[in-house]
Every structure is written in C-alpha cells, then in structure tokens.
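Undergrad: Can you keep this structure in mind? I'll have questions shortly.
Number of protein chains: 2
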Amino acid sequence: MKKSEVVSHIFHGHIPKTAKHEKGLGYAPTNIALCKYWGKRDTELNLPHTSSLSIALPDKGSMTTLTLNDKSSETIILNDKEIALDSVFAQRTKAFLDLFRANQKWYLKININMNIPVAAGLASSASGFASLVCALNDLFDWKLHKNDLSILARLGSGSAARSLWTGFVEWHAGVRPDGMDSFGEPLAFEWPELCVGILTMSSDEKPISSREAMQTTVNSSLLYNSWPRKVSQDLSIIKQALQVKNFALLAGTAESNALAMHATMLSSWPPICYFLPETIAAMHKVWDARKQGLQLYFTEDAGPNLKLLFLKEDTARVQALFPEVEIIRLFDQV
Amino acid sequence: MKKSEVVSHIFHGHIPKTAKHEKGLGYAPTNIALCKYWGKRDTELNLPHTSSLSIALPDKGSMTTLTLNDKSSETIILNDKEIALDSVFAQRTKAFLDLFRANQKWYLKININMNIPVAAGLASSASGFASLVCALNDLFDWKLHKNDLSILARLGSGSAARSLWTGFVEWHAGVRPDGMDSFGEPLAFEWPELCVGILTMSSDEKPISSREAMQTTVNSSLLYNSWPRKVSQDLSIIKQALQVKNFALLAGTAESNALAMHATMLSSWPPICYFLPETIAAMHKVWDARKQGLQLYFTEDAGPNLKLLFLKEDTARVQALFPEVEIIRLFDQV
C-alpha cells in the first residue's frame with residue numbers, strides 16, 4: 012500500500028485544499044524510547060514489527076510555522092537558515108507535503124525551530140515530522156484526531172508516531188496492512204523524579220543511518236527472530252514498573268532492551284556497531300557505579316551516545332561521575 | 012546423570028586400577044572456535060546446546076606428565092611451580108581424577124607445561140584437561156578410542172572435547188542425556204595459508220568466568236533462543252567454506268558467529284560485556300581495513316581480546332596495521 016492511499020483514507024478522499032488560517036503552528040517534543048522501535052514490517056508505511064514505548068522530552072522539540080508561499084516552490088528555514096531544496100532534508104519534507112496536495116498548487120514557507128542538541132541522537136526527525144503534521148492540521152484546519160495525526164507523522168518518520176504527546180507514549184505496532192491501527196497512545200503516568208542525562212560521545216555523522224541499519228538487521232540477523240518476544244516481555248514489564256513506580260525495574264528493563272537492540276545489530280551482516288570505545292567505557296562506568304549501589308542505568312539509540320536514567324535524588328552523584336552529562340527535564344514539576 | 016556414571020559406562024564398570032607404565036605422557040593443543048560453544052544443556056556433563064567447530068593451535072598447548080606419587084595426596088606442578096592443593100586449579104584437577112579412582116588409593120604427581128600466552132583467552136583449560144586425559148590413557152594403558160577420550164576431556168572442561176586433535180574439529184552437540192554422542196570429530200581439511208593473530212587488550216582477570224557467563228546467558232537472554240539456529244546455519248556455511256577454500260566466507264561467518272555470541276551476552280541480565288574500549292577500537296580498525304580491501308576478520312571468545320583471521324599473503328599488511336599482533340602457527344606446512 013502507498014502512503015498516498017493512507018492519507019486519502021484518513022481524509023475520506025477529500026483532502027482540504029484551502030488554508031483556513033494565515034499561519035499554521037505546531038510544536039512536538041522529541042522522545043526517547045525505553046522500549047525500542049527496531050525493524051519495519053512495511054518500509055513504505057513505516058510500520059514496525061513491534062510496539063514501542065517512549066518518554067517525551069517536553070523542552071526539546073520542534074516548533075514549525077507554516078504560511079502559504081507566494082513562490083511556486085517551498086521555502087524551508089531550519090533554525091533561521093534557509094535549506095537548499097535539493098538537500099535530503101528538503102526532499103524528504105517536500106515528498107511528505109506532496110502526500111497532501113496531490114495535483115493542487117499550493118506551496119509553503121516552512122519555518123522550523125529545533126532546540127535539540129545536534130548529534131546527540133535525539134531523533135530530530137521524530138519531533139520534526141510530528142510538529143509539521145500539527146502545523147498542517149492547524150493551517151488547513153483538518154481537525155483530525157490525534158491518532159490520525161500520529162499515523163500521518165509516522166509516514167514521515169516511524170518514531171514521529173510517538174511525538175504527538177508529552178509524557179509516556181506507547182506506539183502500537185498494529186496488525187493491519189494499511190497501518191490504521193499503528194499509532195501512539197499516551198499513558199497516564201507521571202514520574203517527576205525520573206531524570207534523563209545525555210552523554211555525548213561523538214558529534215560525527217553516523218556511519219550508517221538507522222533506517223538502513225534497521226533494514227540490514229531485519230534482513231540478516233538471525234537473533235532478530237527473538238526480538239519481538241523480547242520487546243513484548245520488556246513492554247509489559249515497563250508498563251508494570253510505571254504502574255508501581257519501580258525505578259530499578261523500569262530503567263533496568265530499558266537498559267536491557269537497548270542492549271538487546273544493539274545485540275541484534277552486532278549479529279547482522281555486515282555487523283553494525285554504533286558503540287565507540289567511549290561508549291563502552293561509559294557503560295562499564297555505569298555498571299561499576301551500580302555495583303557500588305548507585306541506581307544508574309542507560310539506554311542507547313542508533314548512535315554512540317548514552318542516555319542515562321536515574322532518579323532526581325541521585326543527580327549530584329551522577330554529575331560527579333559524569334561531569335559532562337546534560338540533564339534533560341522530563342516533567343513540568345521538576 | 013553424574014560424571015562418574017559416564018566414566019563407569021565408558022569403562023564398562025571396570026576402571027583400570029594399575030599404572031601400566033612408569034610415566035604417562037599427554038600433549039594436547041589449545042583450540043580457537045570458529046563456530047562457538049555457548050550454553051550448556053547439561054551443566055554437570057558439560058553438554059552443549061549446539062555443536063561447534065574449532066581450529067587447533069598445534070604449537071600452543073599443554074604437555075602433561077604423570078607418575079604415581081609416593082605421598083597420599085596429589086602433587087601438581089604447573090610450569091615448574093608447585094600449585095597449592097587448595098587452589099581452584101588443584102581442586103578441579105583432583106575432582107577430575109576422583110572420577111577414575113573411586114575408592115582406589117593411588118595419587119599422582121602431575122607435571123603440566125603450558126606454553127599458552129597467559130590471559131590471551133586461549134582456553135588453557137581445554138588443552139589442559141585434554142592433555143591430562145591423554146596422559147591418564149597412557150599411564151593406565153586404557154587404550155580408549157579418541158571419541159571416548161574426547162568425552163572424558165569434556166567432563167573436565169567443555170571445549171576440551173575439541174582439543175584431542177590438530178586441524179579443524181567439530182564437536183557434535185549430541186542429543187543423548189548421557190552425552191555418549193557428544194564428542195569431537197576431526198575434519199579432513201588443511202589450509203596452510205590460514206593465519207591467526209592474537210591481539211591482547213588486557214591481561215586482567217576476567218570480570219566473570221565463561222562458565223558463569225554462559226549460564227547467565229542461557230537463563231536470562233531471550234535472544235539466546237535464536238542462537239541454536241544461528242549456530243546451525245554458521246556451522247554448515249563454515250564447513251562449506253572449508254570444502255571450497257573460500258576464506259571470506261569462512262572468516263566472515265566466524266566473525267558473525269562470535270559477534271552473535273557476544274550479542275547474546277549483551278542481552279542477558281545483568282548484561283555481560285567482555286568488550287573493552289580497546290576491543291571496540293580494534294574492531295572498528297578491522298572493519299575500516301576491510302572497507303579498504305584487506306581480507307581481515309576476527310573472532311572473540313569470552314574475554315576482551317581479538318583473534319584476527321587472515322591469509323598468509325596479507326601478513327605484512329596485518330602487522331603494519333597491528334604491530335602488536337602475535338601470529339600463531341596453524342599448520343605444520345606454514
């Protein structure tokens with residue numbers, strides 16, 4: 012099935028053609044998965060093999076402002092800099108907008124402001140596409156349900172499906188070939204004591220995109236066959252840990268899930284290894300600290316950087332251990 | 012089933028009591044697995060979940076000399092130094108000998124010479140137990156078939172089952188609960204151009220023994236469920252590669268198999284990570300060199316050190332890349 016068919020389905024064949032407001036605004040936070048999304052059952056629609064669960068970073072995200080452009084092409088401004096229309100970023104954005112205009116002749120001036128640390132592996136495309144969808148919803152007055160916005164954001168970037176909400180979000184894998192049951196769902200848990208700290212090991216570009224790494228894993232790693240069972244178990248443990256506020260259970264399961272994801276990559280061919288020597292050094296440091304009684308865990312996405320998980324009361328000890336850590340706010344109360 | 016029952020079975024209930032020779036001699040090489048042994052279906056008998064395949068290092072091994080002791084206890088001399096009888100090494104050796112003497116009153120002077128680099132992760136216990144079994148066979152004139160010697164060596168240390176032969180050896184997992192079908196088999200391939208180079212990253216003691224790491228993996232890693240299928244596939248590819256002398260296929264499969272083994276450990280809980288920062292740095296160096304066209308691969312056992320795999324013609328290039336590499340002879344012809 013094609014993305015355009017999904018869009019047509021959501022709009023019952025009638026995609027609004029006229030901007031209802033002068034400006035369309037959309038904000039979406041980025042998110043960190045505690046139970047990872049790794050591997051697609053449909054690469055066209057970004058449908059995952061498994062469900063996943065994330066926590067939003069409310070202060071780190073993308074603000075997108077849309078206005079109709081008077082030129083017959085897009086203008087894209089990212090953090091106050093105009094982006095070349097032949098860049099990968101612009102091409103992906105344009106291809107996404109094409110889904111909504113079919114043969115219509117409107118063009119947008121797209122102003123995106125992201126305050127996501129560059130190269131920290133904080134899924135800027137998730138927050139970017141989610142904010143773009145929200146801004147389109149505003150501009151054209153789509154009045155879509157958030158589930159549908161989540162589905163549309165997913166067509167841009169898989170994990171964008173989770174960036175429509177703050178707090179904890181579960182992205183249901185769904186089973187339908189058209190993916191109409193594959194969207195995010197906010198989970199009604201708050202945990203103001205929970206902290207995330209970013210350890211940036213490298214700002215170099217990734218040696219392999221997560222899109223490509225995922226596909227190589229699915230196609231070549233025999234251990235990936237056990238990944239769905241691992242996710243299903245971890246997801247249920249994490250939700251249970253959220254229910255009873257058991258930090259060690261939550262963070263330990265998140266760490267194990269991330270390591271298992273990297274394990275599926277290591278066992279791919281060619282091997283995919285996002286670990287840098289510094290990544291492994293930091294992991295050993297975390298494990299040593301844990302043996303000394305510190306409740307410190309980590310998660311790692313498709314990049315070399317670690318995201319530390321700890322409780323607010325341990326902030327000083329974590330900062331003493333990792334003076335370079337960037338601590339990220341998760342809940343308003345903190 | 013108990014080890015003593017297996018021994019009794021092999022000797023049809025009549026274990027020879029009398030030394031036939033004044034001295035018993037046994038030599039056994041150590042071995043490096045190209046398809047790994049990871050996980051036991053029976054921890055008492057060291058029966059593996061999967062078959063495995065190794066190459067012997069003919070010059071690196073253990074020479075064991077046995078004589079009857081005039082004291083009523085063992086004397087154990089390892090590399091010209093007497094070992095305390097309450098040490099782990101002596102206790103394991105003594106427990107092994109107990110299998111053969113039941114209530115008989117003989118004691119041995121055991122002289123073991125190993126020329127295996129310390130802490131390079133070269134499975135000294137494999138070669139040690141295999142040489143001890145050969146020396147017992149000589150001293151008591153057991154006249155056992157090598158399959159039976161392999162089974163007996165396995166009771167001491169799993170991978171010792173492969174150390175009874177030089178060259179390539181397959182250790183059949185077997186299916187019998189008594190393990191009488193779980194022994195090594197030499198494979199009639201020679202490959203004088205094949206080279207192994209040891210990269211020693213650390214001489215520190217392992218943070219966790221392979222025996223314990225294996226058990227934690229089997230008990231806690233969901234990805235381990237896919238390990239038997241991975242081994243079965245790799246084993247068949249490696250044998251095919253040996254048949255047609257396809258080095259890239261052989262070494263690539265060995266590398267993938269080793270990475271998958273470490274992947275099962277990473278996804279265990281608590282996580283098991285034998286990688287040091289230096290290990291990861293060396294891996295990236297190997298992968299980069301391969302992208303430059305060098306046919307260089309690695310395998311890694313339950314320790315931080317890498318064993319490089321390459322062809323003789325590339326020796327100079329490998330030494331230029333890794334000046335510290337220790338190159339190990341595999342075949343007499345080399």
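Same order as they appear, the protein sequences are chains A and B. Per the numbering used here, the first sequence starts with residue 12, numbered consecutively. Per the numbering used here, the second sequence starts with residue 12, numbered consecutively. Where is the CB? At the ideal position from N, CA and C, for every residue including glycine. The structure presented is a predicted model; accordingly, all values stated were derived computationally and were not measured.
Answer yes or no: does any C-beta atom of chain A fall closer than 9 Å to that of residue 275 of chain B?
TA: Residue numbering aside, residue 275 of chain B sits at position 264 when the second sequence is read from its first letter. Yes, its Cβ sits closer than 9 Å to a Cβ of chain A.
Undergrad: Which value, in whole angstroms, describes the spacing of the CA atoms of residue 135 of chain B and residue 125 of chain B?
TA: As a working mapping, residue 135 of chain B is identified with position 124 in the second sequence. As a working mapping, residue 125 of chain B is identified with position 114 in the second sequence. Each residue's alpha carbon lies about 8 Å from the other.
Undergrad: Which class does residue 66 of chain A belong to by DSSP, given the choice of helix, strand or coil?
TA: The count along the first sequence starts at 1 and reaches residue 66 of chain A at position 55. Strand, per DSSP.
Undergrad: With a floor of 3 residues, list each beta strand (DSSP E) that falls wholly inside the region 51 to 107 of chain A, ordered by position along the chain.
TA: Fully enclosed beta strand (DSSP E) runs of 3 or longer: 51 to 53, 63 to 79, 86 to 89.
Undergrad: Determine the DSSP secondary structure at residue 345 of chain B, reduced to helix, strand or coil.
TA: On the second sequence, residue 345 of chain B is found 334 positions in, with the first residue counted as 1. Its pLDDT being 41, under 50, residue 345 of chain B is placed unreliably in this model, and the coordinates cannot settle the point.
Undergrad: Check residue 284 of chain B in the structure and name its three-state DSSP category.
TA: In the second sequence, residue 284 of chain B corresponds to position 273, counting from 1. Coil.
Undergrad: Near residue 293 of chain A, what residues of its chain come up, given a Cβ to Cβ distance below 6 Å and the 5 sequence neighbours on each side ignored?
TA: The count along the first sequence starts at 1 and reaches residue 293 of chain A at position 282. Excluding residues within five positions, the ones whose Cβ falls inside 6 Å are 210, 317.
Undergrad: Please determine, among A:46, A:50, A:57, the residue with the shortest C-alpha to C-alpha distance to residue 231 of chain A.
TA: Translated into positions along the first sequence, residue 231 of chain A becomes position 220. Considering only alpha carbons, the answer is A:50.
Undergrad: When you compare only the Cα positions, how much space is there between residue 100 of chain A and residue 94 of chain A?
TA: Along the first sequence, read from residue 1 onward, the residue named residue 100 of chain A stands at position 89. Along the first sequence, read from residue 1 onward, the residue named residue 94 of chain A stands at position 83. Rounded to the nearest angstrom, the two C-alpha atoms are 8 Å apart.
Undergrad: Leaving aside the five residues before and after residue 283 of chain A along the sequence, list all residues of the same chain whose C-beta is less than 8 Å from its C-beta, in chain order.
TA: Walking along the first sequence from the start, residue 283 of chain A turns up at place 272. These residues qualify, in order along the chain: 219, 224, 227, 228, 276, 277.
Undergrad: In terms of residue numbering, what span does the alpha helix (DSSP H) encompassing residue 14 of chain A cover?
TA: Walking along the first sequence from the start, residue 14 of chain A turns up at place 3. Residues 14 to 21.
Undergrad: Go ahead and pull the three-state DSSP assignment for residue 327 of chain A.
TA: Working through the first sequence from its first residue, we reach residue 327 of chain A at position 316. Helix.
Undergrad: Find the residues of chain A that neighbour residue 4 of chain B, judging by a C-beta separation of less than 7 Å, and give them in chain order.
TA: The requested residue 4 of chain B does not occur in the structure, where chain B is confined to residues 12 to 345.
Undergrad: Indicate the three-state DSSP secondary structure (helix, strand or coil) for residue 264 of chain B in the structure shown.
TA: Here residue 264 of chain B refers to the residue found at position 253 of the second sequence. Three-state DSSP puts residue 264 of chain B in a helix.
Undergrad: Along chain B, which residues have their Cβ under 8 Å away from the Cβ of residue 233 of chain A?
TA: Residue 233 of chain A sits at position 222 when you count from the first residue of the first sequence. 237, 240, 241, 244, 271, listed in chain order.
Undergrad: Suppose you measure from the CA of residue 345 of chain B to the CA of residue 203 of chain B; what does that come to, to the nearest Å?
TA: The sequence position of residue 345 of chain B within the second sequence is 334, counting from 1. The sequence position of residue 203 of chain B within the second sequence is 192, counting from 1. Residue placement at residue 345 of chain B is poorly supported in this model, since its pLDDT is 41, which falls under 50; the coordinates are not used for a value here.
Undergrad: Compute the beta-carbon to beta-carbon distance between residue 140 of chain A and residue 98 of chain A, rounded to the nearest angstrom, for a pair I have assumed lies under 8 Å.
TA: To locate residue 140 of chain A, count along the first sequence from 1; it is residue 129. To locate residue 98 of chain A, count along the first sequence from 1; it is residue 87. Contact flag wrong, Cβ pair sits at about 16 Å.
Undergrad: In the structure shown, what three-state DSSP assignment does residue 180 of chain B receive?
TA: The sequence position of residue 180 of chain B within the second sequence is 169, counting from 1. Note: residue 180 of chain B maps to strand in three-state DSSP.
Undergrad: Do you know whose CA, among A:42, A:127, A:112, lies nearest residue 197 of chain A's CA?
TA: Position 186 of the first sequence, counted from the start, is the residue given in the question as residue 197 of chain A. It is A:42.
Undergrad: Using a beta-carbon distance below 9 Å, is residue 59 of chain A in contact with chain B?
TA: Sequence index remark: in the first sequence, residue 59 of chain A carries index 48 (1-based). With 9 Å as the cut-off, residue 59 of chain A does not count as an interface residue toward chain B.
Undergrad: Near residue 266 of chain A, what residues of its chain come up, given a Cβ to Cβ distance below 7 Å and the 5 sequence neighbours on each side ignored?
TA: Translated into positions along the first sequence, residue 266 of chain A becomes position 255. These residues qualify, in order along the chain: 308, 309, 310.
Undergrad: For residue 287 of chain A and chain B, any beta-carbon pair shorter than 9 Å?
TA: Taking the first residue of the first sequence as 1, we reach residue 287 of chain A at position 276. So yes, residue 287 of chain A belongs to the interface.
Undergrad: Ignoring anything shorter than 3 residues or poking outside the region 186 to 212 of chain A, list the beta strand (DSSP E) runs there in chain order.
TA: Complete beta strand (DSSP E) runs here, min 3: 195 to 198, 205 to 210.
Undergrad: Any beta-carbon of chain B closer than 9 Å to the one on residue 169 of chain A?
TA: What you label residue 169 of chain A is simply residue 158 of the first sequence in a count that begins at 1. False, the Cβ-Cβ gap to chain B never drops below 9 Å.
Undergrad: Give me the Cβ distance between residue 115 of chain B and residue 14 of chain B, rounded to the nearest whole Å; I'm assuming they're in contact under 8 Å.
TA: Here the question's residue 115 of chain B lines up with position 104 in the second sequence. Here the question's residue 14 of chain B lines up with position 3 in the second sequence. Actually they are not in contact, since the Cβ atoms of residue 115 of chain B and residue 14 of chain B sit about 17 Å apart, beyond 8 Å.
Undergrad: Using 10 angstroms around the beta-carbon of residue 315 of chain A, count the other beta-carbons present and answer buried if the total reaches 16, otherwise exposed.
TA: In the first sequence, the residue the question calls residue 315 of chain A occupies position 304. By the neighbour-count rule (16 or more Cβ atoms within 10 Å), residue 315 of chain A is buried.
Undergrad: Alpha carbons only, please: which of B:117, B:296, B:217 is nearest the one belonging to residue 151 of chain B?
TA: Mapped onto the second sequence, residue 151 of chain B falls at position 140. The shortest Cα separation from residue 151 of chain B among B:117, B:296, B:217 belongs to B:117.
Undergrad: Should residue 181 of chain A go down as buried or exposed, given a rule of 16 or more other Cβ atoms within 10 Å for buried?
TA: Here the question's residue 181 of chain A lines up with position 170 in the first sequence. Classification for residue 181 of chain A: buried.
Undergrad: Identify the continuous beta strand (DSSP E) that holds residue 126 of chain B and give its terminal residues.
TA: For the purposes of this step, residue 126 of chain B is taken as the residue at position 115 of the second sequence. First-last for residue 126 of chain B: undefined, no H or E at that position.
Undergrad: Looking at the strands, I want to know which residues DSSP matches up with residue 46 of chain B.
TA: Numbered from 1 along the second sequence, position 35 holds the residue referred to as residue 46 of chain B. Answer is B:64.
Undergrad: Output needed for residue 22 of chain A: all residues of its chain with C-beta closer than 7 Å, excluding positions within five of it in sequence on either side, in chain order.
TA: Locating residue 22 of chain A in the first sequence gives position 11, where the first residue counts as 1. The answer is none, since no qualifying residue turns up.
Undergrad: Can you tell me whether residue 302 of chain A is helix, strand or coil according to DSSP?
TA: The sequence position of residue 302 of chain A within the first sequence is 291, counting from 1. Reduced to three states, the DSSP call for residue 302 of chain A is helix.
Undergrad: Taking DSSP's pairing of strands, which residues face residue 337 of chain B in a bridge?
TA: Stepping through the second sequence from its first residue, residue 337 of chain B is reached at position 326. B:209, per the DSSP bridge assignment.
Undergrad: With 16 as the cutoff for other CB atoms within 10 Å, does residue 241 of chain B come out buried or exposed?
TA: Locating residue 241 of chain B in the second sequence gives position 230, counting from the first residue. So residue 241 of chain B ends up on the buried side.
Undergrad: Distance cutoff 9 Å, beta carbons only. Does residue 298 of chain B sit that close to anything in chain A?
TA: The residue given as residue 298 of chain B occupies position 287 in the second sequence. For residue 298 of chain B, the answer is yes, since a Cβ of chain A falls inside 9 Å of its Cβ.
Undergrad: Assuming contact is defined by CB atoms lying nearer than 9 Å, are residue 289 of chain B and residue 212 of chain B in contact in what I supplied?
TA: If you number the second sequence from 1, residue 289 of chain B lands on position 278. If you number the second sequence from 1, residue 212 of chain B lands on position 201. Yes; because the gap between Cβ atoms is below 9 Å, this pair is in contact.
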